[in-house]
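Sequence positions in the sequence shown follow full-length UniProt numbering and run 1 to 486. The beta-carbon is built from N, C-alpha and C at its ideal position, and this holds for glycine as well.
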Amino acid sequence: MRDLTQGSVARLLVGMAGFIGFGLIVQTLYVLVDLYFVSQLGGRAVAGVAAGGSVLFCAMALSQIISVGALSLIAQAIGAREMGRTQTLFEQTLGMSVLACLLTIVGIRTAGDGFVTLLSADEETAQAARRYLFALMPSLALLFPNAALGAALRAGGVVGVPMLIQSATVLLNAGLAPVLVMGWGTGHSYGVAGAGYASSIAVALGSLFLVALLGRLAPQFRLRLAMPRLSVWRQIVSIGLPASAEFFVMFLISGCAYWALRRFGADAQAGFGIGSRVMQAVFLPAMALAFAATPIAAQSVGAGQVDRVRQVFRVAALSGGAIMLALSALCHLRPELMIEFFTDKPQVLGYATGYLRIVSWNFVAVGLVFTCSALFQGLGNTVPALISTASRLVTFVLPIGLLARWPGTRIEDYWHVSNVSAVIQAGLSLVLLRRALGRLGKRGPAPGREGDVPPAEYLGESLDEPPGELPSENGRGLASQASSAA
């Protein structure tokens, strides 16, 4: 594992972001590969996969409870050089992920049908969504153990080999998709279900390789399950739950957009589905920088390097803003370059390009939101990020709910509201982060309230061990500084 408390912040960010970005591209390719072959089956099949894929968004939101909490706490413990506590956190994270894996299977089997039916514009779309979802179920269940392992490795700065494993699984998925979706070479097509089967097979094999190589990637981590320790689970959840709730708010926003688009028909839903997934792919460079910033900030917090935490934000925000500005210009001027590959239907193409052309105005604001959220995770206080995201319930969901009932509403009105909402969220995130960093610099009161010193120095209490000093550049940890300030 790597020590992220030393060396150039910019060099660390770029180095880790390169691997993380490639991994994110690979992850997005799962959806894009499926989308490409499913698009050959027609607009309703695409809309069905988009609706079924909303459950993937939901599962990703739930996985944040484990992965964000584990990443923050493990990275802070590594920065504090407390490897015994790191192992305990790792074991408890694994236990939580296995339980979540089992609950995911039960949840999809019992409630998945009704959920995708609610989102679909007609019965044919609902049937396609249903078939895709149940074929994708193993992949969704494995998301939790994979997220736990990935968070632990990223906390230690290990990102290269997991990226290579992901790349191999995408190649496998790309090879299986035409066989299972279109029936190439076999003469038997599974349709939209084949896309789900291809992803599930690829993810399962990738998970096996990741587990097999864990001992070489991070020998400090011993792969074993331990008896649940509720005090540790509570600490992981206290950080991860607000991040998960933030993801759920994003999921709700996406679901409300699908609901509001029902009045415009399946082509509008398909266009939004393609456009939003292309937009997610466009966001990957800025997301990679943000994801790289989290473990660097968290290890720096654990080591008591407050100035370094601020430097991480400055470098990540400026770099991410420049990237998003360039991507905004591309999507505004030539959105069809990224859409035409996925559909040749004029109506779907028109909806998708119109969506990208308008929402590209908010890309820089979205990049700032990514960076602020990454810093909140590194600080171990994700409540402010939840507050800023929840503001979109008022600034986006409520207005489009009203517009959906207004007879003269155009689809473009939804996207203009989205732009205003994103700018408001970015401004609120910056205000809350400035407040949190200010309190961190003043060695604020005990963790648990917004902006306070993160809980790395209190890990010992959660693990029934005496809290230790966290090393920093000047020889004093945040724990001792907070105690002396008190």
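Secondary structure of residue i, DSSP reduced to three states
i    : result
W406 : coil
W361 : helix
P219 : coil
V159 : coil
T382 : coil
L4   : coil
W184 : coil
Y351 : helix
S120 : coil
Y190 : coil
V14  : helix
E82  : coil
D344 : coil
G42  : coil
R334 : coil
Q305 : coil
G265 : coil
F283 : coil
V9   : helix
Rounded straight-line distance, which links the Cα of residue j to that of residue i
i    : j    : result
R449 : V394 : Residue placement at R449 is poorly supported in this model, since its pLDDT is 31, which falls under 50; the coordinates still yield a value, given next. Cα to Cα, the separation comes out at about 24 Å.
I239 : M60  : 16 Å
V14  : G114 : 44 Å
D122 : T110 : 21 Å
V64  : S244 : Val is not the amino acid found at residue 64; the sequence shown has Gln there. Answer to the nearest angstrom: the Cα atoms are 5 Å apart.
Y132 : G206 : 20 Å
L35  : R314 : 37 Å
T104 : V98  : 10 Å
V46  : P178 : 15 Å
L118 : A129 : 11 Å
R435 : Q220 : 36 Å
R277 : V33  : 11 Å
V49  : S8   : 43 Å
E457 : I165 : With a pLDDT of 36 at E457, under the threshold of 50, the predicted position of this residue should be treated as unreliable, though the coordinate-derived value follows. If I take the Cα positions, the gap works out to 34 Å.
G185 : G191 : 15 Å
T371 : G321 : 9 Å
G380 : A152 : 15 Å
N362 : I20  : 23 Å
D3   : G157 : 7 Å
Q305 : A426 : 26 Å
P228 : V170 : 34 Å
C58  : A141 : 12 Å
S54  : G255 : 8 Å
L402 : R263 : 13 Å
V312 : V68  : 18 Å
S360 : M83  : 44 Å
V364 : G183 : 42 Å
R224 : W233 : 16 Å
G18  : W406 : 46 Å
Whether residue i touches residue j by CB criterion (8 Å)
i    : j    : result
I323 : A374 : no
A298 : L71  : yes
G271 : A352 : yes
Q87  : R222 : yes
M250 : T389 : yes
A198 : N173 : yes
A317 : L368 : yes
I400 : V420 : no
I424 : S391 : yes
A288 : M1   : no
R154 : P295 : yes
M163 : G52  : no
M96  : I236 : yes
S300 : T93  : no
V26  : S139 : no
I274 : I339 : yes
A302 : A75  : First, the residue type needs correcting, since residue 302 is Gly and not Ala in the sequence shown. Yes, the pair counts as a contact, with Cβ atoms nearer than the cut-off.
Assumed close pair residue i, residue j - CB separation to whole angstroms, cut-off 8 Å
i    : j    : result
V309 : L440 : 7 Å
F37  : A195 : 7 Å
P242 : L386 : 4 Å
A260 : Y355 : Actually they are not in contact, since the Cβ atoms of A260 and Y355 sit about 13 Å apart, beyond 8 Å.
F144 : I201 : About 18 Å; that fails the 8 Å criterion.
A422 : V366 : 6 Å
Residue i at chain B interface by Cβ criterion, 8 Å
i    : result
G194 : Chain labels in this structure do not include chain B; a single protein chain is all it has.
Segments of 4+ residues assigned as alpha helix (DSSP H) that fall wholly inside the segment 194–260: Correct list: empty.
Ranges of the beta strand (DSSP E) found wholly within the segment 47–121, counting only runs of at least 3: none
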